[in-house]
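> Before we start, here is the structure in question, set down as structure tokens.
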Amino acid sequence: MKKILFLHSSSELYGSDRSLLNLIKNIDRNRFGITVILPEYGPLVDELKKIDNIEVLIKDIATLRRKHLSVKGLIEYTTNFLNSLFYLINIIRKKKIDVVYTNTSVVFPGGIAAKLLGRKSIWHIREIVANKFEATVVSRIVNLFSDIIIANSKATASAISQNEDKLKVVYNAIESTQKKIVNNRLTANAKDEIVIGMAGRINRWKGQKLFVDMAEKVLRENKTVHFVIAGDVYKGEDHILDDLKTYIKNKNLESKIKLLGQVQDMDSFYNNIDIFILPSIQPEPFGLVVLEAMERGIPVIATNHGGPVEIIENNVDGFLVDYVEASEMSNVALKLASDSDLRKNVGQKGKEKRNNVFNLENYVKNISEIITEL
């Protein structure tokens, strides 16, 4: 049995968290022994503990974030990095780990510990770093201390490495939810009220403000539409949420745009919207939420860069729109809001694409083969 140590930087249930959960839940645990290290207790820990034959450890492994790019921050990070490195060396030896699997680009100690001990290192990259200096630093470290780099899209791959020998592209996937869908709004022929939703971490690049701009334009033409935003900020970044609330308030849209916070029951979220939008203003590495909406037959509008370009065929199984200004997004949203047949047709084609191309069996099979070949 090959023993794998998974390192991840979050204990929540956003896209990268759910992708890791799907992999661990469905990988052959008779072939692979699984240990997972997470930074704190949270929803992902609860879900992992439901799975047989895995071990979950709680340890805040050093994660490089923007707050560390100062003298004080670098001192704090360096101390945490050294503590994390020694901790991981001890764990790898004690548990006789064969492969260290780092599930995010900015957790460096795992790959370095693996190399120091002569173990294999897989780095699964699920982010595109926008800042050129930061991207260069991350790329060099990942390429130096990895044996294999898995990227969740071609867009992510091109941003992290040009080493074709190391680089593998494996698209994310989701579990089928057909048995869970009991009250899909899309079965209705017509409704007085349309709900448009987005879901994702609230930060500077996920496009919540662009979503608000779109909502403002839509409401000028159709005042029956409502909007929901699912997601929360990273710990310590409450000012970003406060800024978003102020932005909504200044546009007098508080009664039309509901901030849901972090949603645990995503089935309920999707079953209560008619249109899904991914309005990222920087390239989305992949866009797992696009697949989740497609799986439920919900038509998707996404900004025209990054991973969604590899998922969506424009005007066929979804829509790709401008990421700089909200006019194109609002026009497509208005068209979908007024045409239930269009919503159903595009939603159905998206569902077929998800089932045929982005299925969980391929995802787990491809990653299992990569681990085995090491």
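In this note's numbering, the protein residues as written are 34 to 407.
Where a beta carbon is used, it is the ideal one built from N, C-alpha and C, also for glycine.
If I follow the unbroken beta strand (DSSP E) through M231, where does it start and stop?
M231 -> beta strand (DSSP E) spans V228 to A232.
> Between I87 and the rest of its own chain, which residues show a CB-CB distance below 6 Å, the 5 nearest in sequence each way excluded?
So the qualifying residues of the chain are I67.
> Cα separation between A223 and F260?
The pLDDT assigned to A223 is 48, lower than 50, so where the model puts this residue is not dependable; a value taken from the coordinates is nonetheless given after this. So the alpha carbons of these two residues sit roughly 18 Å apart.
> Pull up the distance between the alpha-carbon of S42 and that of K239, whole angstroms please.
Roughly 19 Å between the two C-alpha positions.
> Given a threshold of 16 other Cβ atoms within 10 Å of its Cβ, counted over all protein chains shown, does M34 qualify as buried or as exposed?
M34 is exposed by the Cβ-count criterion.
> Exposed or buried, which one is D355 when buried takes at least 16 other CB atoms within 10 Å?
Per the 10 Å Cβ criterion, exposed.
> For the stretch 47-109, list the alpha helix (DSSP H) runs that are entirely contained and at least 4 residues long, ordered along the chain.
Listed in chain order, they are 48-59 and 76-81.
> Grouping DSSP H, G and I as helix and E and B as strand, with all else coil, what is N347?
Strand, per DSSP.
> How would you label V349, buried or exposed, when you count the other beta carbons within 10 angstroms and need 16 or more for buried?
Its Cβ having fewer than 16 others within 10 Å, V349 is exposed.
> S49 and R159: beta carbons closer than 8 Å?
Yes, they are a contact pair.
> Given a threshold of 16 other Cβ atoms within 10 Å of its Cβ, counted over all protein chains shown, does N185 qualify as buried or as exposed?
Its Cβ being crowded by 16 or more others within 10 Å, N185 is buried.
> For F65, collect the residues of the same chain with a Cβ closer than 6 Å to its Cβ; drop the 5 residues on either side in sequence, then sort them by chain order.
Closer than 6 Å at the Cβ level, and outside the excluded window around F65, lie K35 and I37.
> Roughly how many whole angstroms lie between the Cα atoms of I227 and I124?
Cα to Cα, the separation comes out at about 52 Å.
> Compare the C-alpha of R152 against each of Y280, A326 and Y134 and name the closest.
Of Y280, A326 and Y134, the residue nearest in Cα terms is Y134.
> Roughly how many angstroms lie between the CA atoms of V333 and L149, to the nearest whole one?
Computed Cα separation, rounded: 45 Å.
> I'd like to know whether the C-beta atoms of A359 and M247 end up nearer to each other than 8 Å.
Yes.
> Going by DSSP, which residues form a beta bridge with A422?
Look at the range of the chain in this structure, 34 to 407, and you will see that residue 422 is not part of it.
> Let me know if F319 comes out buried or exposed under the rule of 16 or more other beta-carbons within 10 Å of its beta-carbon.
Per the 10 Å Cβ criterion, buried.
> Once the 5 residues before and after K129 are set aside, which same chain residues still bring their CB inside 8 Å of it?
Closer than 8 Å at Cβ, skipping near neighbours: K36.
> In the DSSP assignment, find the unbroken beta strand (DSSP E) run with V354 in it and report its ends.
Its beta strand (DSSP E) spans residues F352 to V354.
> From Y120 to K92, what does the alpha carbon distance come to, in whole angstroms?
One C-alpha to the other measures close to 9 Å.
> Locate the beta strand (DSSP E) running through A335, then write down its first and last residues.
It spans V333 to T336 - the beta strand (DSSP E) in which A335 sits, taken as one unbroken run.
> Helix, strand or coil for H259? Go by DSSP, reduced to three states.
Strand at H259.
> Are three or more beta carbon pairs between the stretch 199-209 and the stretch 269-288 nearer than 8 Å?
Contact fails: fewer than three Cβ-Cβ distances are below 8 Å.
> In three-state terms, what does DSSP make of G143?
Residue state, collapsed to three classes: helix.
> How about L200 and A190: are their beta carbons less than 8 Å apart?
It is a contact, given that the beta carbons lie within the stated cut-off.
> Report yes if the C-beta distance between L71 and S44 is below 8 Å; otherwise report no.
Taking 8 Å as the Cβ cut-off, L71 and S44 qualify as a contacting pair.
> Three or more beta-carbon pairs under 8 Å between the stretch 228-236 and the stretch 292-307, yes or no?
The answer is yes - the stretch 292-307 touches the stretch 228-236, with three or more Cβ pairs under 8 Å.
> Sorted by chain position, which residues of the same chain lie with C-beta nearer than 7 Å to F244's C-beta, five sequence neighbours on each side aside?
Answer for F244: M231, I262, I310 and P312, listed in chain order.
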